[in-house]
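In full-length UniProt numbering, the protein residues as written are 1 to 343.
C-beta atoms are modelled at their ideal positions from N, C-alpha and C, and glycine is treated no differently.
Note that the coordinates shown come from a computational prediction; the quantities given were computed from them, not determined experimentally.
Take a look at the structure below.
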């Protein structure tokens, strides 16, 4: 079936150098690539657009990648970025104008609406996670380091997306913003959802929006498995909170449940002998710890609760440093696990 969008993308790819000269004039051709600094048309050599290649698949003409940010896409994305056009019909009109094509002739017959795939499913979560890139040397790494967290780049459960769609309640238009992406997996390791934390443009904190975090997919019973468990496991709420424990004691197996409600419902792995519950200093965290403790004790698992000095363990890490946090945890971790403090 004919698709004008696909036809336009194909035609743009066949004229890739002309598109680049029009929309990324600060760059230049080098061999089979157009080289430029970034999508903002700054001079440099980070972003490269393939000018030749097959119509689709690996190495296709018209595809771009920014080696610094991990951004990637096609020539239609470049036109959108450079013109600021947000409405898709207007974007197609701009592409047509560049190619010198007339507007399409519209049929009077009604066009059946396509069913939009649901956005909150594990499949949608998997697509978002696959489109993200490793945390190291990204704005997500900058954000985590601003919270005193240096190990995020080593976590396969954490990724970065430079343009993750965000919309606050009451807004009609979504805006792409950089985001820290966390994989929510089940006991078999299958991805069931993702958690998004939208970031400030410079990575120094969260985005200044009403809704800074949002999850999608199936979260109940699952968790962000930051490190693999063994016979012990530490479970708490927030990603930053649990990364703080890894910062102080790297050998601790740590999961993040993402909220107090989900903390109380996490499904515990088989073979677990000792469970540590890292709580936040609020009534909701206390109640979640009680629910999870009761389930663990019923399963014959020993339980200890780890309590921060301040609101949560990331507050402790930033206020006192990782050595002080390690010493604080030493007074709460059972004697059979204290050897991990020097690991």
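- For residue 57 and residue 245, the gap between their C-alpha atoms comes out near 42 Å.
- For residue 66, the enclosing beta strand (DSSP E) covers residues 64–66.
- Pairing residue 207 with residue 220 gives a Cβ-Cβ distance that is not under 9 Å.
- In the same chain as residue 80, and ignoring 5 residues on each side of it, the C-beta atoms closer than 7 Å to its own belong to 91, in chain order.
- It is roughly 18 Å from the alpha-carbon of residue 77 to the alpha-carbon of residue 127.
- Annotated as distal: residue 276 and residue 203, with beta-carbon spacing of 9 Å or more.
- Of the residues 315, 314, 342, the one whose Cα lies closest to the Cα of residue 327 is 342.
- By the neighbour-count definition (other C-beta atoms within 10 Å, threshold 16), residue 71 is a buried residue.
- Residue 33 is bridged by DSSP to 30, 50.
- In this structure, residue 241 and residue 313 form a Cβ contact; the two beta carbons are roughly 5 Å apart against a cut-off of 8 Å.
- Cβ contact annotation for residue 16 (same chain, cutoff 6 Å, sequence separation greater than five): 51, 61, 62, in chain order.
- Put simply, of 237, 321, 260, 336 the residue whose alpha carbon is nearest the alpha carbon of residue 274 is 336.
- Around the beta carbon of residue 339, fewer than 16 other beta carbons lie within 10 angstroms, which makes this residue exposed.
- Between the alpha carbons of residue 152 and residue 252 lies a distance of about 15 Å.
- For residue 308, the number of other beta carbons within 10 angstroms of its own is at least 16, and it is reported as buried.
- Straight across, the Cα-Cα distance linking residue 75 with residue 237 is about 41 Å.
- For residue 178, there is no enclosing alpha helix (DSSP H); the residue is part of the beta strand (DSSP E) that begins and ends at 175–185.
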